[in-house]
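The structure appears right after this line, and notes come after that.
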Amino acid sequence: MGGTLGVVLGGAVLSPGAARRAERWLSAGKVSDLMPDTPTAVMLRVARQDGYAQVVERRTVFLVRTGDSAVTAIDSTCTHLGCRVSWNADAKELKCPCHGGRYDSSGAVKGGPPPAPLATFDTKISDGDVLVRM
Amino acid sequence: MLRPVFDWLDSRTGFRAGLSHLLDEPLPAGVGWWFVTGSILLFLLGVQLLTGVILTMFYVPAPDHAHASVVYIMDTLPFGRILRGLHFFGASFIVVAAIIHMLRVVAFGSYKKPREVTWLTGVVLLLVIMAFALSGYLLPWDQKAYWATTVTINVARSGPFGEFVAGLMRGGDSLGALTLLRWYSAHVFLLPACLIVFAVSHVYLMRRHGISGPVEPQDGPSLPFHPYQSARDTLAMALVFAALVGAAAMFPAPLDPVADPADASYVPRPEWYFLSLFQLLKYFPGPFEPVATVGVPGLVVGWLLALPFIDRTPGRRLRDRPMVAVVFAVLGIGVATLTSLGLRDSPSHSRPAWTPLARAGSVFVNDARCAGCHRDGGAGGPISELRSTHDPEWVRAHVRDPEILVPGSRKPPAGAMTAAQGYAVLSYMRRVWAKTGPMPQVSAGEQAAAVVLGRHCATCHMVDGEGASSAPDLSTVGRTRDAMWLKEWITDPSAVDPIASMPAFGEVLTDAEMDDVVAHLAGRR
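Chains W and A, in that order, are what the protein sequence lines are.
Going by the working numbering, the first residue of the first sequence is number 1, and it counts up by one from there.
Going by the working numbering, the first residue of the second sequence is number 1001, and it counts up by one from there.
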């Protein structure tokens, strides 16, 4: 009896925390609008299930053109404590406003406390559109 | 290794003495299987408490979200279906277990001196259990919840201080968010507190006076509760629990479509344990209604409360207490008869079927106007994943004018969908929310007729319970009108009746559409 209740009740309590969201390819704009080695911020709308509710989450990613048909999508979440980084065109770096983390245009750490480079997403180009998987 | 820890704990709390006091209760000789009913009830209440606590982690007590959160528990949450099943069927199991326990106490004369107060706490516990059941089924905020609670509150109005009591139950001037919060609060805070107080008192009094034991005292040594009776209790609990898990695993706990106060077609029916009272109402119409709402239930509760003071004979054998036996037999037969009559009158609640209007709605939602936002990465989520968090009027207004914030605050823009299309898309969405299942294929003519109904007719006419109601209901129009009349009328109503207010559709519909919709309407009998 205890085992059955444990599986049902424990399963219901623990499993939502272990859930992983399904990934989708989202259109993020035209590849021709991107400049080489300069991150361009785009906002993507990601529909996801938030418990019983369906929410449309807005996520900012930086798109960097790395070749004629190659684009990198960099997450804007600082790997230190999760603040949002922004592109500083003068210093040519992605800077975190919270604790001064600095990254170059490919997301690699240039200075400050971040322990790892910014995360990247898979990208592909289809008919001139950049698609990002998230 | 843990022994020193327990020794220390025992020296500070005395828990070992308390435990042995609980387990070593001496039982009179001859205590057998009939005495497991109370333990089963206590065990089921514990299961209800545990499953209830876990359900509150996922349930939202607000009209906009309650139903969606229950759908999430049923369809998405791992183990959620069985979790809600345990709680839902557990309620029925408890009602049955409580009645069996009460009948056992009556049959064995266990309510007699000195156990009168034990009996009284038991009667209060029975009422608390009924209040749990009543407050619980408003919470999913489905059609059954809404309408059964509407009936319950109206029943309360016919009693003494009726308007005051009804206002107390409603929380506001109408059934809504305040009602739901109030019943939720009662269900998860107030009633559990009452239950614990009275259950502890009941068990304490049971221990104070000891178990009543068999009707005729038997010779033999007194045995401790553990392990002799506890083994019987555990086995009985395991059997009942297996049956409960089986029910929860095999049958999904029912959930109607979301509550719709505008839906006049719904026939409310309470859970089976209130069906006898519901049925009783039918026999006392008008001014006699209080007899069924207050009189009969009041007499029954009064009889239960007074029982140990009415029946003061010392003998415990049932054949020495003919009046008690007859009253309980009459009560039992009455409740069983009313319940079976009520069950016979109850319509079966199934998921809404695919109607022509819903079919038309499925065509319209694939329109580029909807798909522009309702797609992956769009401003709204994909249609198939939407949940019902808005009322029907909002949905219809949104279909016609997606940017509108308040229904009715402005006219739909040029080129917007028709009012009929609003009804059709709402009808389709109701099937999506209810997970009706795949739409069966129909002929091309039927499909074309459905689209005409959903684009034009439903603006004024009701079809299968959906659509506007400013013109005659078309659901069974074929019974009174034949195809020839229908075609003439739809082509130009004023040619048939000079004062007809319906616009002519002869120029609006193609010849094929006209033939299809006429054939469809003539076939509605």
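Idealized CB from N, CA, C, for every residue including glycine.
Because the structure is a prediction, the values reported are computed rather than measured.
Proximity to residue i [Cα-Cα], best of the options
{"i": "Q1421/A", "options": "V1395/A, L1277/A, V1031/A", "result": "V1395/A"}
{"i": "I1099/A", "options": "G1038/A, N1154/A, L1343/A", "result": "G1038/A"}
{"i": "I1196/A", "options": "F1132/A, V1155/A, W1034/A, Y1146/A", "result": "F1132/A"}
{"i": "A73/W", "options": "V31/W, A116/W, L14/W, P16/W", "result": "V31/W"}
{"i": "P113/W", "options": "C83/W, V8/W, T123/W", "result": "C83/W"}
{"i": "S126/W", "options": "V109/W, S69/W, C98/W, K92/W", "result": "S69/W"}
{"i": "L1049/A", "options": "L9/W, K124/W, V56/W, D37/W", "result": "L9/W"}
{"i": "A1068/A", "options": "R1479/A, L1223/A, W1433/A, R1525/A", "result": "W1433/A"}
{"i": "I1040/A", "options": "A1236/A, S1185/A, P1160/A", "result": "A1236/A"}
{"i": "T1118/A", "options": "L1305/A, L1405/A, A1468/A", "result": "L1305/A"}
{"i": "V1245/A", "options": "A1504/A, L1077/A, H1087/A", "result": "H1087/A"}
{"i": "L1223/A", "options": "L1474/A, P1028/A, G1445/A", "result": "P1028/A"}
Extent of the continuous alpha helix (DSSP H) to which residue i belongs
{"i": "A1006/A", "result": "Sequence check: residue 1006/A is Phe here, not Ala. From DSSP, the alpha helix (DSSP H) with F1006/A extends over 1003-1013."}
{"i": "Q1421/A", "result": "1419-1433"}
{"i": "K1487/A", "result": "1483-1491"}
{"i": "S1069/A", "result": "1066-1075"}
{"i": "D129/W", "result": "D129/W -> not in any alpha helix (DSSP H); beta strand (DSSP E) instead, spanning 129-133."}
{"i": "M1169/A", "result": "1162-1170"}
{"i": "W1183/A", "result": "1177-1185"}
{"i": "L1453/A", "result": "1444-1455"}
{"i": "L1238/A", "result": "For clarity, residue 1238/A is Ala in the given sequence; the question names Leu instead. It spans 1230-1250 - the alpha helix (DSSP H) in which A1238/A sits, taken as one unbroken run."}
{"i": "A1329/A", "result": "1322-1345"}
{"i": "A1193/A", "result": "1191-1209"}
Burial state of residue i (16 or more Cβ within 10 Å)
{"i": "S1276/A", "result": "buried"}
{"i": "Y103/W", "result": "buried"}
{"i": "M1057/A", "result": "exposed"}
{"i": "S76/W", "result": "buried"}
{"i": "H1520/A", "result": "buried"}
{"i": "Y1273/A", "result": "buried"}
{"i": "H1461/A", "result": "buried"}
{"i": "Y1228/A", "result": "exposed"}
{"i": "D1075/A", "result": "exposed"}
{"i": "S1212/A", "result": "buried"}
{"i": "W1489/A", "result": "buried"}
{"i": "H99/W", "result": "exposed"}
{"i": "L969/A", "result": "One cannot answer for residue 969/A here, as it falls past the ends of chain A, which runs 1001 to 1525."}
{"i": "G1408/A", "result": "exposed"}
{"i": "K1113/A", "result": "exposed"}
{"i": "H1187/A", "result": "buried"}
{"i": "V1106/A", "result": "buried"}
{"i": "W1033/A", "result": "exposed"}
{"i": "M1417/A", "result": "buried"}
{"i": "L1426/A", "result": "buried"}
Range of the contiguous beta strand (DSSP E) that encloses residue i
{"i": "S106/W", "result": "Taken as a continuous stretch (DSSP letters only), S106/W belongs to no beta strand (DSSP E), as it is neither H nor E."}
{"i": "S1092/A", "result": "Element bounds for S1092/A: not the beta strand (DSSP E) but the alpha helix (DSSP H), 1080-1107."}
{"i": "L26/W", "result": "25-30"}
{"i": "V1365/A", "result": "No beta strand (DSSP E) holds V1365/A; DSSP gives it neither H nor E."}
{"i": "H1470/A", "result": "The displayed chain sequence assigns Ser, not His, to residue 1470/A. Here S1470/A belongs to no beta strand (DSSP E), and DSSP marks it neither H nor E."}
{"i": "I125/W", "result": "123-126"}
{"i": "R1524/A", "result": "Unbroken run through R1524/A: none, as it is neither H nor E."}
Span separating the alpha-carbon of residue i from that of residue j
{"i": "V1294/A", "j": "M1102/A", "result": "22 angstroms"}
{"i": "G2/W", "j": "A1368/A", "result": "53 angstroms"}
{"i": "L1120/A", "j": "P1440/A", "result": "58 angstroms"}
{"i": "R1003/A", "j": "A1231/A", "result": "26 angstroms"}
{"i": "I1333/A", "j": "V1096/A", "result": "15 angstroms"}
{"i": "R1431/A", "j": "W1354/A", "result": "7 angstroms"}
{"i": "S1110/A", "j": "E1116/A", "result": "9 angstroms"}
{"i": "R58/W", "j": "E1403/A", "result": "19 angstroms"}
{"i": "T4/W", "j": "R21/W", "result": "28 angstroms"}
{"i": "S1135/A", "j": "S1185/A", "result": "9 angstroms"}
{"i": "A1148/A", "j": "V1517/A", "result": "38 angstroms"}
{"i": "D1173/A", "j": "L1181/A", "result": "14 angstroms"}
{"i": "V1165/A", "j": "I1310/A", "result": "31 angstroms"}
{"i": "L1205/A", "j": "G1220/A", "result": "25 angstroms"}
{"i": "A1449/A", "j": "K1411/A", "result": "28 angstroms"}
{"i": "V1363/A", "j": "A1468/A", "result": "20 angstroms"}
{"i": "S106/W", "j": "E23/W", "result": "23 angstroms"}
{"i": "A1424/A", "j": "P1392/A", "result": "11 angstroms"}
{"i": "D1482/A", "j": "A1500/A", "result": "18 angstroms"}
C-beta neighbour in chain B for residue i, strict 7 angstroms
{"i": "L131/W", "result": "Of the protein chains in this structure, namely W and A, none is chain B."}
query = Of all the beta strand (DSSP E) runs that stay within the bounds of the region 41-112 of chain W, which reach a length of 3 or more residues?
reply = 53-67, 70-75, 86-88, 93-95, 109-111
### Task
Go through the region 1111-1159 of chain A residue by residue and report every complete run of the alpha helix (DSSP H) that reaches 4 residues or more, in order.
1116-1136, 1143-1157
Inset, instruction - List in chain order: all unbroken alpha helix (DSSP H) runs of 4+ residues lying wholly within the region 1375-1408 of chain A. - result: 1392-1400
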